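In our numbering, the protein residues as written are 14 to 277.
Working notes for the structure below.
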Amino acid sequence: MPRPRFRVLLGMVGVGLVILALHDGWLNGPLGLARVGFAPVEWSITNVGETVGGVVWSFLRVGTLSRRVRTLEEELARLRAEQAREASLQQENAELRQALRLLPRTRFRHVAADVTGVSTDGASAVLRINRGANDRIPTDAAVIAADGVVVGHVSSVQTSTATVELLTGGKVRVAARALDTGAEGIVHGVRGLDVIFDGIPRTQTLRVGDRLVTTGLDGNFPPYLLLGTVVSVRALENAIFQEASVQLPLDLHRLKVVAVLLES
14 MPRPRFRVLL
24 GMVGVGLVIL
34 ALHDGWLNGP
44 LGLARVGFAP
54 VEWSITNVGE
64 TVGGVVWSFL
74 RVGTLSRRVR
84 TLEEELARLR
94 AEQAREASLQ
104 QENAELRQAL
114 RLLPRTRFRH
124 VAADVTGVST
134 DGASAVLRIN
144 RGANDRIPTD
154 AAVIAADGVV
164 VGHVSSVQTS
174 TATVELLTGG
184 KVRVAARALD
194 TGAEGIVHGV
204 RGLDVIFDGI
214 PRTQTLRVGD
224 RLVTTGLDGN
234 FPPYLLLGTV
244 VSVRALENAI
254 FQEASVQLPL
264 DLHRLKVVAV
274 LLES
């Protein structure tokens with residue numbers, strides 16, 4: 014028999030044997046053994062897959078949580094900023110309401126202004142405000158703070174701003190009277206170091222604790238605006254006049270809001 018035909022016949026016999034073996038269950042044992050042998054490998058592959066899947070899911074979950082945390086932090090920062098702005102507006106409104114408690118209420122109109130700057134030197138002390146010619150602010154207009162406390166007067170006016178000369182600077186002189194004793198004189202600053210009440214005849218009584226108000230006689234300030242309180246009284250021997258140091262009710266250099274009085 015030729016060699017090729019022999020090989021074909023041998024192959025057919027082998028296939029037949031395999032079919033018989035599978036039909037009669039001869040290979041169940043070896044196949045079972047193969048399954049048992051590969052079971053740990055299959056279990057390991059499954060566990061590795063599950064572990065990798067868990068790591069990927071955890072990573073994705075952490076990324077999602079991180080984005081949520083960032084979103085919450087941004088929202089918290091926004092709310093804090095809004096709260097700060099609201100508190101600032103409430104404070105400004107409270108200061109404005111205080112500044113509008115003016116004296117006298119019937120004869121004078123007023124324009125409220127924000128203080129935008131302060132400047133002091135040896136000869137003067139000034140505020141800059143955000144009101145000017147556009148708001149009909151006149152030169153020499155009286156400027157006051159809360160409860161009618163004298164601040165100074167307008168010394169120069171620009172289109173939308175103005176400069177206010179402070180009482181403490183020495184260039185503002187106000188006719189004043191002591192409410193408790195009736196003593197009259199002039200209140201003014203001394204080189205930014207002190208505020209004094211002088212020009213008071215020695216025949217007039219003046220005491221520590223006397224409250225000083227404007228008289229209106231200088232033509233710039235209406236009467237009964239508050240100037241301050243006498244803290245000491247002095248007079249040289251044989252002097253015609255006496256003088257006193259005055260404590261102001263407010264720190265004029267720290268004001269945020271003032272009011273400019275406009276005559277009706």
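The beta-carbon is built from N, C-alpha and C at its ideal position, and this holds for glycine as well.
As the structure is a prediction and not an experimental result, all values here were calculated from the model.
Neighbour-count burial assignment, residue i, 16 or more Cβ in a 10 Å radius
| i | result |
| --- | --- |
| V82 | exposed |
| E276 | exposed |
| G195 | exposed |
| I253 | exposed |
| A158 | buried |
| R190 | buried |
| T227 | buried |
| L89 | exposed |
| A126 | buried |
| A138 | buried |
| L268 | buried |
| A136 | exposed |
| P117 | Residue confidence for P117 is low, a pLDDT of 49 falling below 50, so the modelled location carries little weight; the figure read from the coordinates is stated next. Exposed, by the Cβ-count rule. |
Residue nearest to residue i in terms of C-alpha spacing, selected from the options
| i | options | result |
| --- | --- | --- |
| D134 | G182, L274, A159 | G182 |
| L274 | T242, T77, P235 | P235 |
| G241 | R267, V187, R215 | V187 |
| L239 | S79, R80, D160 | D160 |
| V128 | T77, R215, R122, A175 | A175 |
| Y237 | T77, Q217, A155 | A155 |
Beta-carbon contacts of residue i that lie in its chain and below 7 Å, excluding the five residues immediately before and after
| i | result |
| --- | --- |
| S245 | V221, A257, S258 |
| D153 | H166, V167, N233 |
| L265 | V164, L179, L180, T181 |
| F210 | A189, G198, V200, L225, V243, E256, A257, V259 |
Nearest-angstrom beta carbon gap, residue j and residue i [assumed within contact, 8 Å]
| i | j | result |
| --- | --- | --- |
| V167 | I150 | 6 Å |
| V203 | L180 | About 11 Å; that fails the 8 Å criterion. |
| L140 | V177 | 4 Å |
| L192 | D231 | Not confirmed; about 17 Å, so no contact. |
| V271 | V164 | 5 Å |
Neighbourhood of residue i by C-beta, 8 Å cutoff - its chain only, sequence neighbours within 5 removed
| i | result |
| --- | --- |
| I213 | A196, E197, G198, L219, F254, Q255, E256, A257 |
| G130 | L140, R141 |
6 Å CB neighbourhood of residue i in its chain, flanking five on each side removed
| i | result |
| --- | --- |
| S132 | V139 |
| Q217 | A196 |
**Request:** Report yes or no: do the segment 251-263 and the segment 140-148 share at least 3 C-beta pairs separated by less than 8 Å?
**Result:** Contact fails: fewer than three Cβ-Cβ distances are below 8 Å.
**Prompt:** How about the segment 243-254 and the segment 156-176: do they share at least three Cβ pairs that are nearer than 8 Å?
**Reply:** Counting Cβ pairs under 8 Å, fewer than three are found: no touch.
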